[in-house]
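Take 1 as the starting number for the sequence shown in the UniProt record's numbering and just add one per residue. Everything on this sheet refers to the single structure shown next.
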Amino acid sequence: MHSVSLPLTLPIPTSAPAKKDLAAISRFSRFSPPAAISYDAASVPVLRPELSGDSAVAAYWDYQFLFASQRSETRDPILLRVSEGSIPADLPRGIYYLVGPGLLSDDHGSSVNPLDGHGYLRAFDFSGGDSVWYSARYVETEAQREEMDGETRRWRFTHRGTFSVLRGGKRVGNLKVMKNVANTCVVRWGGRLLCMWEGGDPYEVDPKTLGTIGTVNLIRDLDLEAGGRHRRTGEWRWLWDLGIDVAAHFLKPILRGVFKMPPKRLLSHYKIDGKRKRLIVLACNTEDMLLPRSNFTFYGIYLSPSLMVILSWKQRKEFSVEDHLLIHDWSFTDSYYVLMGNRIKLDVAGSLVAASGMAPMVSALAPDPRQPSTPIYLLPRFSDDLQRDWSVPIEAPGQLWSSHFSNSFEEQGTHGGSGGSAPGCWYDWRSSRLDPAYMNATQDKEALLSHLVREPSEHWKRSADFPAINPAFAGNKNSYVYAATSSGSCRFLPHFPFDTVVKLNCLDGSVSSWCSGVRRFIGEPTFVPSIGGKEEDDGYILVAEYEVSKQRCHLVILDAKRMGEANAVKAKLEVPRQLTFPFWLPWVLD
1 MHSVSLPLTL
11 PIPTSAPAKK
21 DLAAISRFSR
31 FSPPAAISYD
41 AASVPVLRPE
51 LSGDSAVAAY
61 WDYQFLFASQ
71 RSETRDPILL
81 RVSEGSIPAD
91 LPRGIYYLVG
101 PGLLSDDHGS
111 SVNPLDGHGY
121 LRAFDFSGGD
131 SVWYSARYVE
141 TEAQREEMDG
151 ETRRWRFTHR
161 GTFSVLRGGK
171 RVGNLKVMKN
181 VANTCVVRWG
191 GRLLCMWEGG
201 DPYEVDPKTL
211 GTIGTVNLIR
221 DLDLEAGGRH
231 RRTGEWRWLW
241 DLGIDVAAHF
251 LKPILRGVFK
261 MPPKRLLSHY
271 KIDGKRKRLI
281 VLACNTEDML
291 LPRSNFTFYG
301 IYLSPSLMVI
311 LSWKQRKEFS
321 VEDHLLIHDW
331 SFTDSYYVLM
341 GNRIKLDVAG
351 SLVAASGMAP
361 MVSALAPDPR
371 QPSTPIYLLP
381 RFSDDLQRDW
391 SVPIEAPGQL
401 WSSHFSNSFE
411 EQGTHGGSGG
421 SAPGCWYDWR
431 SSRLDPAYMN
441 ATQDKEALLS
451 HLVREPSEHW
461 KRSADFPAIN
471 PAFAGNKNSY
481 VYAATSSGSC
491 RFLPHFPFDT
501 VVKLNCLDGS
511 VSSWCSGVRR
521 FIGEPTFVPS
531 IGGKEEDDGY
541 ILVAEYEVSK
551 QRCHLVILDA
561 KRMGEANAVK
571 AKLEVPRQLT
581 FPFWLPWVLD
């Protein structure tokens, strides 16, 4: 028997609410799925026809089903039906992996934020030509093994996670905060498939069977190798550094011994330097989340000649800056690592409530409004930059919250200096909240929503996030950026979830887009270069489509060159209804 867990937050509406009730409708459109009701997959109700269209009732159910848990696994691959079009002949054949949270609600009344949901890895295998096979399995992390009963297959959440509060589990005194669910990004490197998470070691998974092999000590051995920390120097710098070092000395045993946090927090977003055939990852010191200093350690990991193992030939470079920053994504150029910092501060009142278990641990942090600018750090990759002091950031006007980068590159300026561009997505944080998912509920929507950052973004004013480019242009000048965005066609979910893929021409500012349609939403787009393609946009956009009104998922293949045209969709692959998976984002191509 397959079961799907459906989160329900409000009494089921039977008719569209009046205008005065719109605020209540917007409150449910957040990233916090509540207690669940489990259904047999065969009996999951399809919404009645009268719920179709742009209504508050349809929006309510659409959002609920978008974050419905999926407990079923497919160890034996299933042949997918091509419901529209055909597989392009010049689409590279291989396996496309998608990872994200699969389980958001347990069997004892607790639900978690999707960021704390157990990692669910899916594989779309195109290696058979026009036949596409689908398989899906949970990443068997230590937390997954503890929270799922192997015999009964029932779940009980015991770890709080960073973004959640347990309703049916232990709250007060629960020190199980670090919950490595391996649900954020997936990368294939050196013949190994790694599922990444924001704050811990990646889990290695068999690329064929999707069976979990175990954790990979990707960076700790590197810390044994000599590598100097780059710090700012000054007459009184030693006194400041001494004070921070003393505070860190007392924090480390608490964070590592009591809360079981690792010495370094490995970020989930990685980069691939194709020119040097190098995988680059970034780690931060765990105690930096609570201190007015940030340490960033970059690791360059090379391929082995046999493509079967990750070698010990690596590059390590560490920087320390005098800013209290929270970093999720970053980028690189040929000479620099590029960080757009999100300034934060310790929220004392929030820390006390979070420590009690009555609020998520992330409540201990808040955006710092004291500086009306956003720091951008250019950190030298290979040698100290003699042109400028890297420890002094470029201060961009306005308080922005950087979420994702599309790319950065260098080009010679009119005076011989090197300039750069880092189009990405940001939020203008005028609220103290660290959750961007309330975008449908905010009063000053246009000021708080995520947008593409770059001059041509003047041509696209709607909220957008999760930018992608042709991976061959990473670190080099690119002409096109693709991103998930909203058409704004749904009155009750006007900004999120996204339902459109937009193509931004960075040279002339023109835009073109493809919309999935009414009551259909999309995840993060990814660009796959076509076989034999010569131009930057010769390739395809792969994106998961969630047809929530029918509780179905599709893998959509878009022609990147034909974005905005009627024939942009080259193929749609239908995932069986009983295997519909929750909304999420990250892709990788093998």
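Virtual Cβ for every residue (Gly too), placed ideally from N, Cα, C.
query: Buried or exposed (CB count within 10 angstroms, at least 16 for buried), residue 264; result: buried
query: Nearest candidate by alpha-carbon position, reference residue 403, set 491, 359 and 341; result: 341
query: CB of residue 275 within 8 Å of CB of residue 332, strictly; result: no
query: Whole-angstrom distance between residue 203 and residue 214, CA atom to CA atom; result: 5 Å
query: Residues that residue 600 bridges to, as DSSP identifies them; result: No answer is possible for residue 600: the residues shown for the chain start at 1 and end at 590.
query: Per-residue burial, residue 462 [other beta carbons within 10 Å of its own, 16 or more giving buried]; result: buried
query: Cβ contact (3+ pairs, closer than 8 Å) linking the region 179 to 190 and the region 243 to 256; result: no
query: Element boundaries [beta strand (DSSP E), containing residue 350]; result: Where residue 350 is concerned, there is no enclosing beta strand (DSSP E), although the alpha helix (DSSP H) it sits in stretches over 348 to 356.
query: For residue 570, the three-state DSSP class (helix, strand or coil); result: strand
query: Residue burial classification, residue 361 (beta-carbon count within 10 angstroms, cutoff 16); result: buried
query: Whole-angstrom distance between residue 246 and residue 528, CA atom to CA atom; result: 49 Å
query: Simplified DSSP assignment, three categories, for residue 577; result: helix
query: DSSP-derived helix/strand/coil call for residue 302; result: strand
query: Cβ separation of residue 570 and residue 92, assumed to be a contact under 8 Å, to the nearest whole Å; result: With a Cβ gap of about 14 Å, residue 570 and residue 92 do not count as contacting.
query: Pair within 8 Å by beta-carbon distance, residue 514 and residue 568; result: yes
query: Residue 79 classed as buried or exposed, judged by whether at least 16 other C-beta atoms fall within 10 angstroms; result: exposed
query: Minimum C-alpha distance to residue 109 - residue among 81, 96, 99 and 165; result: 165
query: Residue range of the unbroken beta strand (DSSP E) whose run includes residue 61; result: That residue, residue 61, is in no beta strand (DSSP E); its alpha helix (DSSP H) goes 56 to 66.
query: Buried or exposed by the 16-neighbour rule on C-beta atoms within 10 Å, applied to residue 575; result: buried
query: DSSP three-state assignment for residue 158, whether helix, strand or coil; result: coil
query: Straight-line gap, residue 124 to residue 552 (C-alpha atoms, nearest Å); result: 16 Å
query: For residue 344 and residue 179, the rounded distance between their alpha carbons; result: 23 Å
query: Close-in-space but distant-in-sequence residues of the same chain around residue 326 (CB under 6 Å, 5 per side omitted); result: 342 and 344
query: Residue 358, buried or exposed, once every other Cβ within 10 Å from all chains shown has been counted against 16; result: exposed
query: Under 8 Å between C-beta atoms of residue 470 and residue 539; result: yes
query: Close beta carbons around residue 286, own chain, < 6 Å, minus the five adjacent residues each side; result: 255, 261 and 265
query: Inter-residue Cα distance where the pair is residue 468 and residue 96; result: 16 Å
query: Separation of residue 336 from residue 114, as counted between CA atoms; result: 33 Å
query: Range covered by the alpha helix (DSSP H) that runs through residue 143; result: 142 to 147
query: Same chain only: Cβ atoms within 7 Å of residue 536, ignoring 5 sequence neighbours per side; result: 470, 473, 478, 479 and 480
query: Euclidean distance between Cα positions of residue 678 and residue 135; result: Outside the shown range of the chain (1 to 590) lies residue 678, about which nothing can therefore be said.
query: First through last residue of the beta strand (DSSP E) which encompasses residue 376; result: 373 to 380
query: Residue closest to residue 338, alpha-carbon to alpha-carbon, out of 296, 366, 363 and 351; result: 296
query: Alpha-carbon to alpha-carbon, residue 319 and residue 583; result: 36 Å
query: Own chain, CB closer than 6 Å to residue 106, minus 5 neighbours either side, in chain order; result: 155, 156 and 157
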